[in-house]
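J.:
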Amino acid sequence: MKVVSACLSGVHCRYDCKAQSRPAIEEMVKNGEAIPVCPEQLGGLSTPRPPAERVGTQVLTDTGADVSAQYAQGALEALRLVQLCGATEALLKSKSPMCGAGKIYDGSFSGKLVEGDGVFAELLKKHGIKVTSIE
Ligand code: SF4
Numbered sequence: 001m002k003v004v005s006a007c008l009s010g011v012h013c014r015y016d017c018k019a020q021s022r023p024a025i026e027e028m029v030k031n032g033e034a035i036p037v038c039p040e041q042l043g044g045l046s047t048p049r050p051p052a053e054r055v056g057t058q059v060l061t062d063t064g065a066d067v068s069a070q071y072a073q074g075a076l077e078a079l080r081l082v083q084l085c086g087a088t089e090a091l092l093k094s095k096s097p098m099c100g101a102g103k104i105y106d107g108s109f110s111g112k113l114v115e116g117d118g119v120f121a122e123l124l125k126k127h128g129i130k131v132t133s134i135e
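At position 83 of the sequence shown (counting the first as 1) the number is 83 in this note's numbering, and the numbers step up by one without a gap.
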């Protein structure tokens, strides 16, 4: 079993209320091979919501509001789902401050990328889950 970022499976859970659907991911969910999760929503954040980026150990919105606690809580709840369904691999949306793996936005809201992981991707890696970034 795999876990996938819900927005990749057609769920309109992004901050701007849009999806980032990828047909291959949708097929995996339809075939029962993957479970979709959105850690940002699981952390209690609304949809739509202000865009946010990682800034050091914090996650801040574009107006400077600190949403680090919601990100931490959402990542933890999503990890519970990963463990409940026995998933060993996660296919996650690239660049996101929650799901991004390897490269994420740098906190300047200018589209610039830096090396690093989103909060959920980082937590999964710490728990031995294989994380693959999907563009
Ligand atoms: Fe998609 Fe992950 Fe962001 Fe939710 S938290 S909208 S699943 S990238």
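Ideal placement from N, C-alpha and C gives every residue a C-beta, glycine not left out.
(1) Who are the Cβ neighbours of residue 109 in its own chain at under 8 angstroms, not counting the five residues just before and after it?
(2) Need the endpoints of the beta strand (DSSP E) that residue 14 sits in, please.
(3) Let me check understanding here. Comparing Cα to Cα, which of 127, 117 and 130 lies closest to residue 55?
(4) So residue 99 packs on residue 21, CB below 8 angstroms; how close in whole Å?
(5) What is the chain-ordered set of residues for which the beta carbon lies under 6 angstroms from any non-hydrogen atom of the ligand SF4?
(6) Hey, how far is the Cα of residue 130 from the Cα of residue 119?
(7) CA-CA distance, residue 19 and residue 128?
T.: The short version:
(1) 51, 53 and 62
(2) It is not in any beta strand (DSSP E) - residue 14 carries neither H nor E in the DSSP assignment.
(3) 117
(4) About 15 angstroms; that fails the 8 angstroms criterion.
(5) 5, 6, 7, 13, 14, 38, 39, 40, 93, 96, 98 and 99
(6) 15 angstroms
(7) 28 angstroms
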